[in-house]
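Notes follow once the structure below has been shown.
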Amino acid sequence: MEPLVQLTEAAVPPVLFRRLLRRLGVLGRERLKDTYQTTFWYDFGPPTNVVEDIVTALRPAIAGRRRIAGVEWWLSRMYPTDVRVDFHQDRDEKLALRTGKLVHPRISSVLFLNRVRGGALVVTREKPDESNPSLAPSRLDTSDLVTPRPNRLVVFDGSLTHGVLDAENQVPDGKLPGRSRLRRTLVMNWWGHRPTDVPRWSETKLYRALGG
Numbered sequence: 018m019e020p021l022v023q024l025t026e027a028a029v030p031p032v033l034f035r036r037l038l039r040r041l042g043v044l045g046r047e048r049l050k051d052t053y054q055t056t057f058w059y060d061f062g063p064p065t066n067v068v069e070d071i072v073t074a075l076r077p078a079i080a081g082r083r084r085i086a087g088v089e090w091w092l093s094r095m096y097p098t099d100v101r102v103d104f105h106q107d108r109d110e111k112l113a114l115r116t117g118k119l120v121h122p123r124i125s126s127v128l129f130l131n132r133v134r135g136g137a138l139v140v141t142r143e144k145p146d147e148s149n150p151s152l153a154p155s156r157l158d159t160s161d162l163v164t165p166r167p168n169r170l171v172v173f174d175g176s177l178t179h180g181v182l183d184a185e186n187q188v189p190d191g192k193l194p195g196r197s198r199l200r201r202t203l204v205m206n207w208w209g210h211r212p213t214d215v216p217r218w219s220e221t222k223l224y225r226a227l228g229g
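The sequence shown lines up with residues 18 to 229 when you count with this note's numbering.
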């Protein structure tokens, strides 16, 4: 069966990758509890922060000649012992909440920033199932699993279901005992249009440490 994901190791130039890690060190725990609600839009203008520099560097390999209007990006930070993100399909979030209309990005991509125990990314064609913990699809045997490794990039179709496994690489079903390293990734969704009400980073006062 053809893989659902495309993997690239050492995806970002080392100097740029180290710069991102330094900036995240300065950022610290800012908006850690709202990490998935803190998204930004970049429409390929002059870069204003390290993430936009990375998007610019990755654009030829990810987007190629496809008609992409820009990238919605955010920092995903979570403890694999306490995964709070269900299996889902990426979508124009505010449009879906307002109208029920489901519109997906053309391409989804995740840049892993560190190693952790467990915390694998699952990508599948199966739909989320509300009857299962974490809305996990009933069948995961046809899924692709990606282990977090520094500077590993995974790219997949923007309509596919995906989720994060816990520290034991099992479907999350409540908090596990103990602590784990913070699982850190940069998520980049490549859109044919600007998703509803997603601001540019330069239009906000958030994550100012990324501009250094």
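A virtual CB, placed ideally from N, CA and C, is assigned to each residue, including glycine.
Open item on the list: Please state whether the Cβ-Cβ distance between Y53 and S93 is less than 8 Å.
Closed with: Within the sequence shown, residue 53 is the residue found at index 36, counting from 1. Within the sequence shown, residue 93 is the residue found at index 76, counting from 1. In this structure, S93 lies closer than 8 Å to Y53 by Cβ.
- [ ] Measure how close the beta-carbons of T175 and H121 come, nearest whole angstrom, since I'm counting them as under 8 Å.
- [x] In the sequence shown, the residue the question calls residue 175 occupies position 158. In the sequence shown, the residue the question calls residue 121 occupies position 104. Sequence inspection shows Gly at residue 175; the Thr mentioned does not correspond to that position. Sure, about 5 Å apart at Cβ, within 8 Å.
- [ ] Please confirm if the segment 152–167 is in contact with the segment 79–92, defined as three or more CB-CB distances below 8 Å between the two stretches.
- [x] Verdict: no, contact absent.
Open item on the list: Pull the bridge partners of G180 from the DSSP assignment, please.
Closed with: Numbered from 1 along the sequence shown, position 163 holds the residue referred to as residue 180. Answer by DSSP bridge pairing, in chain order: V139.
Task: Nearest neighbour of A28, chosen from F57, A74, G62 [CA to CA] - done: As a position in the sequence shown, residue 28 is number 11, starting the count at 1. In terms of CA proximity to A28, A74 leads the group F57, A74, G62.
Open item on the list: Quick test of the definition: if touching needs 3 or more C-beta pairs under 8 Å, does the segment 138–148 touch the segment 111–121?
Closed with: These segments do not touch.
Task: Terminal residues of the beta strand (DSSP E) in which G191 lies - done: Sequence index remark: in the sequence shown, residue 191 carries index 174 (1-based). That residue, G191, is in no beta strand (DSSP E); it is neither H nor E in DSSP.
Task: When L223, V181, M18, E220 are compared against Q106, the one with the closest alpha-carbon - done: Here residue 106 refers to the residue found at position 89 when the sequence shown is read from its first residue. Taking only the C-alpha atoms, the option nearest Q106 is V181.
Task: Under the three-state DSSP convention, the category G87 falls into - done: As a first step, residue 87 must be located in the sequence shown, where it is residue number 70. Looking at G87 - three-state DSSP - the assignment turns out to be strand.
Task: Rounded straight-line distance, which links the Cα of I79 to that of G45 - done: Your numbering for residue 45 matches position 28 in the sequence shown. Your numbering for residue 79 matches position 62 in the sequence shown. Using only the alpha carbons, I get a separation of about 29 Å.
Task: Limits of the unbroken beta strand (DSSP E) element including P102 - done: As a position in the sequence shown, residue 102 is number 85, starting the count at 1. Inspection of the sequence shows that residue 102 is occupied by Val rather than by Pro. Per DSSP, V102 belongs to no beta strand (DSSP E) and is neither H nor E.
Task: Buried or exposed by the 16-neighbour rule on C-beta atoms within 10 Å, applied to M18 - done: Numbered from 1 along the sequence shown, position 1 holds the residue referred to as residue 18. Under this definition M18 is an exposed residue.
- [ ] Hey, could you find the ends of the alpha helix (DSSP H) F34 is sitting in?
- [x] On the sequence shown, residue 34 is found 17 positions in, with the first residue counted as 1. For F34, the enclosing alpha helix (DSSP H) begins and ends at 31–44.
Task: DSSP-derived helix/strand/coil call for S219 - done: The count along the sequence shown starts at 1 and reaches residue 219 at position 202. In this structure, S219 counts as helix in the three-state DSSP scheme.
TODO: Verify whether the separation of the beta carbon atoms of L227 and R40 is less than 8 Å.
DONE: Your numbering for residue 227 matches position 210 in the sequence shown. Your numbering for residue 40 matches position 23 in the sequence shown. Going by C-beta atoms, L227 is nearer than 8 Å to R40.
- [ ] Taking only the alpha-carbon atoms, compute the straight-line gap between T159 and G229 and give it to the nearest angstrom.
- [x] Working through the sequence shown from its first residue, we reach residue 159 at position 142. Working through the sequence shown from its first residue, we reach residue 229 at position 212. Cα to Cα, the separation comes out at about 42 Å.
Open item on the list: Does S126 come out as helix, strand or coil in the three-state DSSP assignment?
Closed with: To locate residue 126, count along the sequence shown from 1; it is residue 109. Strand.
Open item on the list: Taking 7 Å as the limit between beta carbons, can you name the residues of its chain near R195, skipping five residues before and five after?
Closed with: Locating residue 195 in the sequence shown gives position 178, where the first residue counts as 1. For clarity, residue 195 is Gly in the given sequence; the question names Arg instead. Only T98 meet the Cβ criterion.
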